[in-house]
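Asker:
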Amino acid sequence: IVKYLKDYAAPNHLVPKVDLLFDVQNEYTDVIITLHIEPQNNEKTLILQGDAKLLMIQLNGERLPETAYSLVGEILTLPNMPTVPFTLTIQTRVFPEINKSFNGLYASDGNLYTQCEPEGFRKITFHPDRPDVMGVFTTEIRADKQKFPVLLSNGNKIRSGSLPDGRHFAVWHDPFKKPSYLFALVAGQLVATSDVFVTKSNRQVAIEFYTRPEDADKVAFAVESLKNAMKWDEERFGLEYDLDVYMVVAVGDFNMGAMENKGLNIFNTKYVLANSQTATDSDFEGVESVIGHEYFHNWTGNRVTCRDWFQLSLKEGLTVFRDQEFSGNRASRAVRRIENVKLLRTHQFAEDASPMAHPVRPASYVEMNNFYTMTVYEKGAEVVRMYHTFLGEDGFQRGMKLYFERHDGQAVTCDDFRHAMADANGVDFSQFALWYSQAGTPTLNVSGSLQNGEYILDVKQILPNTPDMPASEKKPMMMPLAIAFFDENGKKISFRQPEHPAVSNTEQTETVLTVNQSEQSFKFLMNANTVTPSLLRGFSAPVYLEFDYTNKELALLLAHDDDAFSRWEAGQTLFRRAIAANEDALKNGEMLPEHTELMDALRNVLNNQDIDPALKAMLLQVPAEAELWGERDNLNPVLISMAREALLEQIAHGLHSELLATALNAREAENADKRGKEIVFYEYNPKDAGLRSLQYACFGLIHRFDEIATIEQVFEYYDEMARKNMTHEWGVLSAINHNHDPKRDELLARFAAKFDSQALVMDKYFMLIASSRRADTLAQVQAALNHPRFALDNPNKVRALIGTFARNVPHFHAADGSGYAFVAQHIKKIDEFNPQVAAGLARAFNLLQRIEPQRQALMRAELEQIVALPNLSKDVREIVEKILA
Ligand code: ARG
Ligand code: ZN
Numbered sequence: 004i005v006k007y008l009k010d011y012a013a014p015n016h017l018v019p020k021v022d023l024l025f026d027v028q029n030e031y032t033d034v035i036i037t038l039h040i041e042p043q044n045n046e047k048t049l050i051l052q053g054d055a056k057l058l059m060i061q062l063n064g065e066r067l068p069e070t071a072y073s074l075v076g077e078i079l080t081l082p083n084m085p086t087v088p089f090t091l092t093i094q095t096r097v098f099p100e101i102n103k104s105f106n107g108l109y110a111s112d113g114n115l116y117t118q119c120e121p122e123g124f125r126k127i128t129f130h131p132d133r134p135d136v137m138g139v140f141t142t143e144i145r146a147d148k149q150k151f152p153v154l155l156s157n158g159n160k161i162r163s164g165s166l167p168d169g170r171h172f173a174v175w176h177d178p179f180k181k182p183s184y185l186f187a188l189v190a191g192q193l194v195a196t197s198d199v200f201v202t203k204s205n206r207q208v209a210i211e212f213y214t215r216p217e218d219a220d221k222v223a224f225a226v227e228s229l230k231n232a233m234k235w236d237e238e239r240f241g242l243e244y245d246l247d248v249y250m251v252v253a254v255g256d257f258n259m260g261a262m263e264n265k266g267l268n269i270f271n272t273k274y275v276l277a278n279s280q281t282a283t284d285s286d287f288e289g290v291e292s293v294i295g296h297e298y299f300h301n302w303t304g305n306r307v308t309c310r311d312w313f314q315l316s317l318k319e320g321l322t323v324f325r326d327q328e329f330s331g332n333r334a335s336r337a338v339r340r341i342e343n344v345k346l347l348r349t350h351q352f353a354e355d356a357s358p359m360a361h362p363v364r365p366a367s368y369v370e371m372n373n374f375y376t377m378t379v380y381e382k383g384a385e386v387v388r389m390y391h392t393f394l395g396e397d398g399f400q401r402g403m404k405l406y407f408e409r410h411d412g413q414a415v416t417c418d419d420f421r422h423a424m425a426d427a428n429g430v431d432f433s434q435f436a437l438w439y440s441q442a443g444t445p446t447l448n449v450s451g452s453l454q455n456g457e458y459i460l461d462v463k464q465i466l467p468n469t470p471d472m473p474a475s476e477k478k479p480m481m482m483p484l485a486i487a488f489f490d491e492n493g494k495k496i497s498f499r500q501p502e503h504p505a506v507s508n509t510e511q512t513e514t515v516l517t518v519n520q521s522e523q524s525f526k527f528l529m530n531a532n533t534v535t536p537s538l539l540r541g542f543s544a545p546v547y548l549e550f551d552y553t554n555k556e557l558a559l560l561l562a563h564d565d566d567a568f569s570r571w572e573a574g575q576t577l578f579r580r581a582i583a584a585n586e587d588a589l590k591n592g593e594m595l596p597e598h599t600e601l602m603d604a605l606r607n608v609l610n611n612q613d614i615d616p617a618l619k620a621m622l623l624q625v626p627a628e629a630e631l632w633g634e635r636d637n638l639n640p641v642l643i644s645m646a647r648e649a650l651l652e653q654i655a656h657g658l659h660s661e662l663l664a665t666a667l668n669a670r671e672a673e674n675a676d677k678r679g680k681e682i683v684f685y686e687y688n689p690k691d692a693g694l695r696s697l698q699y700a701c702f703g704l705i706h707r708f709d710e711i712a713t714i715e716q717v718f719e720y721y722d723e724m725a726r727k728n729m730t731h732e733w734g735v736l737s738a739i740n741h742n743h744d745p746k747r748d749e750l751l752a753r754f755a756a757k758f759d760s761q762a763l764v765m766d767k768y769f770m771l772i773a774s775s776r777r778a779d780t781l782a783q784v785q786a787a788l789n790h791p792r793f794a795l796d797n798p799n800k801v802r803a804l805i806g807t808f809a810r811n812v813p814h815f816h817a818a819d820g821s822g823y824a825f826v827a828q829h830i831k832k833i834d835e836f837n838p839q840v841a842a843g844l845a846r847a848f849n850l851l852q853r854i855e856p857q858r859q860a861l862m863r864a865e866l867e868q869i870v871a872l873p874n875l876s877k878d879v880r881e882i883v884e885k886i887l888a
């Protein structure tokens, strides 16, 4: 059953107050909810959502006979309710120990946790369970004192004490109205790591991070990150925390990254626990950004929430934008921006080109859990960034201020956000609304010509067909196009825009054009003989850009552009061209071309001492496989992968000495300030992280194609690297992971034995197994399913082993279909207990329509078996049916 945005109707019953009692027993938990209901419009029929065993219902304290209501599926209908305020008390029984969907109330390692967004609250009890029904929650928890010493819920603890039979209780009160999806409860054996944050208006906020006792040595970085985030939100957005306590709980069984429940965040351990022995630099960066993300939700998500789930990007796009800005402030802003763009282009562009394509605000869904997507999150963040680019920081902050003035305490829509941005600045953003309703990645086709000091830039906007809407029905969108021009020496050219009223007489060196028609021209006056335009600077809009650069022009931008994104992008275009040329050569059985311009440009990058190491590492990164698929049809992913590998090998051989020198210099720089100290810890900090990423960008290339020498060397220095930190250990293991020498297996086995008790490091072991290009990878993955530390019901383990395998192009897309069969088999198995994780894996097949016919037939056969299953979840069904359609 499909839900549509256009069918939205305001709720007929409000529930401004909710009282909850959780009575935790051994095999089950009884939940008593009292809803204080305010009927609207004299509505008599009350409809509640619930998917829990219903034990009894009372109306104003009187038990209702079963004839007074009907329960069909998840929908409880009570036809004869009062039209004046009343209370409804409902008792349900839930079974957290056997709940492996990790949705609703579930047990993990003997403790209890909840996940309610978007519709998990109804797995616990009955409620309208829609985000525009908000209330003040008071929650009492009763449980055995020994098994569940810690009892947590949202807000402040107002009472606690002992009960007979070795039990105890705690009562929590959250003074802020909230939707049911922000409810949380945690009970169990946990230790708290505490700290304090003093807000700008001098209020003390208690910070408490709850973990298993053995993990307490890994929370310090997350605690610091939280304090940094709290401070940053005060300084950049003027937003202050509003409760007396901020709690974060880490759990090893969690379907996604983390959840922003009011005052009580629940986190996947992966985004809380990190020390230098168990976490890589990028793990540290992941912790920092997710801690920031969930904290920022307190204002963008909790204080102002979504009217309905179609509006999800209202909070997610905005909060991702905020966490990106926070991370950009912590370390190299330019490098962070490139990483975000790379993520978007690898995964969101692929989603936009797939049967799952949907606008930032979807028009319909079957299972909302399927819409926590790259489009809603990452493209949504780009949409927010475009407001920022149009309005500038001051204008954007004026918009934010008005947004909170108008909507604090409300559940609102993406249009409300857009209106706040427009009204606060007197800008017309009506055309900009198309970003919320038109799916697919636009293409900007740009050309330029110089004549007598006049440069004309012609911009065409091309919108794609998507399954929900043909291109012919789409209207031209409004977007910022940031530009500059370079002369033949790599100097920025100054120019005037004669047709731009505000700045027609101003000399500029860069500007932001407003693109808002399907074809338009922009005129610039300048004194120049040759012009190389730098376009879409900073990735100013989430689009494909076409401009007919020569390789020489790209090399010029790569060498001189002062916008890090455009510089990087020039290199990426050279890489893409080289891979395409390799693909043609491989197809025709010809010699590979030499790519002289690319090699020269890379040599210049490697030898340039002025480039920040982290950026240099990014400049060396060849586009990911999924980025190369673009919107192509009839594609052979294995051939493209081989063409890409061939280029890596050409670079490794052609630039061997430069790569080696760069890596050794970076190592030297990393070691420089650590020498002579008694014990050297290689802790995470952005500067060293950059030096390490450069080392492994280089070593990764060198080691890949020099298997024999490498494995002997690595065997020698593995222990030394492993002693430094996990980034080095991981770097070394990744570099030899495709090696066929038995010593590779030996090193991996040693790694696994050493970290047997560290679940998050074991995930890394499974990732190594599943990402190897070695011929025996599928067999090794199958063997790993029986590893004592593997567990099919743990989402992190499934993602590490099976999810990673599904992204291992030559193996997932093996010509005999073995990769497809393996993944499909596990989708079916996992769907029986965890539909969300199964649906996540099913997305691996979304290339179906664009893949060459033989693989397409193999994929299709697997998917048809899946949809034929009688008890298939609606999560997996929605994804697979869309792919097959
Ligand atoms: N709101 C959470 C976050 O972005 C994620 C919740 C994801 N929920 C889901 N059912 N997939 O921080
Ligand atoms: Zn979020």
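So the sequence shown is residues 4 to 888, counted in full-length UniProt numbering.
Ideal Cβ placement from N, Cα and C applies to all residues, glycine included.
None of these values were measured; they are calculated from a predicted model.
My understanding is that Ala190 touches Leu154, with C-beta atoms under 8 angstroms, so please give their C-beta distance in whole angstroms.
Answerer: 5 angstroms
Asker: If you follow the beta strand (DSSP E) that Trp175 is in, where does it begin and where does it stop?
Answerer: Run containing Trp175: 170-182, per the beta strand (DSSP E) assignment.
Asker: In whole angstroms, what separates the C-alpha of Tyr380 from that of Asn532?
Answerer: 43 angstroms
Asker: Say the cut is 7 angstroms; is the CB of Glu291 nearer than that to a heavy atom of the ligand ZN?
Answerer: no
Asker: For a test of your reading of the model: does the CB of residue 893 fall under 7 angstroms from any non-hydrogen atom of the ligand ZN? Yes or no.
Answerer: Lying before the first or after the last residue shown, residue 893 is absent from the chain, which here runs from 4 to 888.
Asker: For Asn740, collect the residues of the same chain with a Cβ closer than 6 angstroms to its Cβ; drop the 5 residues on either side in sequence, then sort them by chain order.
Answerer: Leu771, Ser775
Asker: Which parts of the segment 440-513 are runs of the beta strand (DSSP E), unbroken and 3 residues or longer, counting only runs that do not cross its ends?
Answerer: 446-454, 457-465, 482-489
Asker: Taking its Cβ as the centre, do 16 or more other Cβ atoms sit within 10 Å of Leu667, making it buried, or is it exposed?
Answerer: exposed
Asker: Say the cut is 7 angstroms; is the CB of Glu263 nearer than that to a heavy atom of the ligand ZN?
Answerer: Glu263: yes, Cβ under 7 angstroms from the ligand ZN.
Asker: If the criterion is Cβ atoms closer than 8 angstroms, does the pair Ile886 and Leu866 meet it?
Answerer: Cβ distance < 8 angstroms, so Ile886 and Leu866 count as in contact.
Asker: Can you tell me whether DSSP reads Ala219 as helix, strand or coil?
Answerer: helix
Asker: Flag Glu319 as yes when its Cβ comes closer than 7 angstroms to any non-hydrogen atom of the ligand ZN, and as no otherwise.
Answerer: yes
Asker: Quick check: the segment 827-840 against the segment 608-626, are there 3 or more CB pairs under 8 angstroms?
Answerer: Touching, no.
Asker: Would you report the Cα separation of Arg753 and Pro596, rounded to the nearest angstrom?
Answerer: 41 angstroms
Asker: How about Trp175 and Thr142: do their beta carbons lie closer than 8 angstroms?
Answerer: yes
Asker: What's the C-alpha gap between Gly592 and Val293?
Answerer: Cα to Cα, the separation comes out at about 47 angstroms.
Asker: Terminal residues of the continuous alpha helix (DSSP H) containing Val254?
Answerer: Run containing Val254: none in the alpha helix (DSSP H); it sits in the beta strand (DSSP E), 248-254.
Asker: Go to Lys590, then tell me how far its alpha helix (DSSP H) extends in each direction, as first and last residue.
Answerer: 567-590
Asker: Which same chain residues, not among the five before or five after Leu555, have their C-beta less than 8 angstroms away from its C-beta?
Answerer: One detail in the question is off: residue 555 reads as Lys in this sequence, not Leu. The answer, listed in chain order, is Glu600.
Asker: Which of the three DSSP states is assigned to Met59 in this structure?
Answerer: Reduced to three states, the DSSP call for Met59 is strand.
Asker: So, with DSSP's three-state summary, where would you put Asn301?
Answerer: In the structure shown, Asn301 adopts coil according to DSSP, grouped into three states.
Asker: Say yes only if the C-beta of Glu522 is nearer than 7 angstroms to one or more non-hydrogen atoms of the ligand ARG, and no if none qualify.
Answerer: no
Asker: Mind checking which residues open and close the beta strand (DSSP E) that includes Thr117?
Answerer: Its beta strand (DSSP E) spans residues 114-118.
Asker: How about Thr444 and Asp355: do their beta carbons lie closer than 8 angstroms?
Answerer: yes
Asker: Flag this pair as touching only if the segment 696-703 and the segment 637-649 have three or more C-beta atom pairs under 8 angstroms; answer yes or no.
Answerer: no
Asker: Is it right to say Leu58 is buried, meaning 16 or more other beta carbons lie within 10 angstroms of its own, or is it exposed?
Answerer: exposed
Asker: Nearest to Phe578 by alpha carbon, out of Lys273, Glu648, Arg170, Ala366?
Answerer: Glu648
Asker: Name the two residues that bound the continuous beta strand (DSSP E) containing Ala655.
Answerer: That residue, Ala655, is in no beta strand (DSSP E); its alpha helix (DSSP H) goes 640-657.
Asker: Tell me which same chain residues have a C-beta within less than 6 angstroms of the C-beta of His16, skipping the five on either side of it?
Answerer: Ile40, Pro42, Leu49
Asker: Output the distance between the C-alpha atoms of Val194 and Pro216, rounded to the nearest integer angstrom.
Answerer: 6 angstroms
Asker: May I ask you to verify whether the segment 302-309 touches the segment 344-351, counting CB pairs closer than 8 angstroms and requiring at least 3?
Answerer: Flag = no, the segment 302-309 and the segment 344-351 do not touch.
Asker: Can you check which of these residues, Val812, Met480, Asp834, is closest to Pro798 by C-alpha distance?
Answerer: Asp834
Asker: My understanding is that residue 924 touches Asn372, with C-beta atoms under 8 angstroms, so please give their C-beta distance in whole angstroms.
Answerer: With the chain covering only 4 through 888, there is no way to say anything about residue 924.
Asker: Is Tyr375 near the ligand ARG, going by C-beta to nearest heavy atom under 7 angstroms?
Answerer: Yes - the ligand ARG has a heavy atom lying nearer than 7 angstroms to the Cβ of Tyr375.
Asker: Grab me the residues of Ala544's own chain with a C-beta within less than 7 angstroms of its C-beta, minus the 5 sequence neighbours each way, in chain order.
Answerer: Met389, Met482, Pro483, Leu484
Asker: Where does the unbroken alpha helix (DSSP H) through Ala190 begin, and where does it stop?
Answerer: Taken as a continuous stretch (DSSP letters only), Ala190 belongs to no alpha helix (DSSP H), being part of the beta strand (DSSP E) at 188-191.
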